[in-house]
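There are 2 protein chains.
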Amino acid sequence: MDIGSGYLDNLISELERLPGIGSKSAQRMALHIIGLPMERVVKLADSMLNAKENIHYCHECFNLTDGEVCTICKNMERDHKTIMVVENVRDLSAYEKTGKYKGVYHVLHGAISPMLGIGPNDIKLKELIERLKGDVDEVIIATNSSLEGETTAMYISKLIKPTGIKVTRIASGVPVGGDLEYIDEVTLLRALDGRIEL
Amino acid sequence: MDIGSGYLDNLISELERLPGIGSKSAQRMALHIIGLPMERVVKLADSMLNAKENIHYCHECFNLTDGEVCTICKNMERDHKTIMVVENVRDLSAYEKTGKYKGVYHVLHGAISPMLGIGPNDIKLKELIERLKGDVDEVIIATNSSLEGETTAMYISKLIKPTGIKVTRIASGVPVGGDLEYIDEVTLLRALDGRIEL
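The listed protein sequences derive, respectively, from chains A and B. One point on numbering: in our numbering, the residue at position 142 of the first sequence is 143, and numbering is uninterrupted. One point on numbering: in our numbering, the residue at position 117 of the second sequence is 118, and numbering is uninterrupted.
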């Protein structure tokens, strides 16, 4: 796409930086945006700025929220003594969509990966240990069944075991190497039911 | 994606309105945007607003430009007596990428479609006829080989014939029903070489 305009080149290269957007999609999106009425472009741009400005981590579980704590942590009908540990918000969202899990979550925002230089201090792990000083019955580790996810699960279970709190891992109904967010709800539930104590 | 935040819901629904973006991609992009540093989000939002504000149609050919006329029309080394008529800027871009076409363009911004209620007055057709009052040797019709594209080609050729200007149509090297912007450059060039007088 070369119309000799820095404005278009700039827009395309900004769009290309978004996940899953190649150069063809970026070009198509850019031309679409230029063709929109001005007020629609303002709405689109504002929606990004507003979301970025107002959404932050829940003080309790590190889910996203625009309040102090997220709607899940705020919900007193949920079982606050059961904490499911997930790698990211998309994985939390995947379990929420099943509608069957009634406990709360802890979002690590990553997984331990020696390859990528991500250690236990780079994810929300000490924050999890801090939460366990409260009244907790069970920690369900629902990290991905990738190498990093399994490493993280083993690491967490070794940290928690001495505290006497029950630690479980979702069953390997989740295909090895699979990514939680793309798995169907039935498989996700089967994995939850079949969880085994570590 | 339900974190009970109107800001996130709003961002996702704005992203979903972009072409080729489904709900899953919109969610992924939204979470990515929230995770970016503030200055990157500002850059992304600004790139949209700046492009929308500064880019408009070339007064000559209706390509996009941030000046008075586009870089192609401004280029005096190109053959201004040969005009290729395309449906949209992406199609112009596809022919530009071949680097072999040395004439200029006319972007219709659409094609005649009785089904969609798009008539000759809804595309930049009278602007094309206006241009033909100048010094023009040939009009190459490179609308898509879809029903609408063919209808538009026939309509234009009937309009131009009486003026005595040569009217050609790119060869049907382009697969029937195909969309110009996705076709490889060799096929595009073969279609250009094999063009026939209408």
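Beta carbons: idealized from backbone N, C-alpha and C, even for Gly. Just so you know, these numbers come straight off a predicted model, no measurement behind them.
Here DSSP, grouped into helix, strand and coil, assigns residue 44 (chain A) to helix. Listed along the chain, the chain A residues whose CB falls inside 8 angstroms of the CB of residue 29 (chain B) are 20, 21, 91. Across the segment 102-116 of chain A, no CB contact with chain B closer than 8 angstroms is found for any residue.
Between the alpha carbons of residue 190 (chain A) and residue 168 (chain A) lies a gap of roughly 18 angstroms. For residue 46 (chain A), the chain B residues whose C-beta falls within less than 7 angstroms of its own C-beta are 46, 49, 50, listed in chain order. Listed along chain B is no residue with a C-beta nearer than 9 angstroms to that of residue 168 (chain A); the closest approach is about 26 angstroms. Assigned with DSSP and collapsed to three states, residue 84 (chain A) falls in strand. At a cut-off of 8 angstroms between beta carbons, residue 85 (chain A) makes no contact with chain B. Residue pairing from DSSP leaves residue 14 (chain A) without any beta-bridge partner. A distance of 8 angstroms or more separates the beta carbons of residue 143 (chain A) and residue 80 (chain A).
For residue 32 (chain B), the C-beta contacts it makes with chain A under 7 angstroms involve 90, 91, in order along the chain. Going by beta carbons, residue 133 (chain A) and residue 166 (chain A) fall inside the 8 angstroms limit.
By the CB criterion at 8 angstroms, residue 120 (chain B) and residue 113 (chain B) fall inside the cutoff. Contact check between the segment 28-45 of chain B and the segment 24-42 of chain A: fewer than three CB pairs, one atom from each, fall below 8 angstroms, which does not count as touching.
No Cβ of chain B is located within less than 8 angstroms of the beta carbon of residue 156 (chain A).
Nearest C-alpha to residue 180 (chain A) among A:72, A:95, A:73, A:109: A:95. Here the alpha carbon of residue 140 (chain B) sits roughly 17 angstroms from the alpha carbon of residue 110 (chain B).
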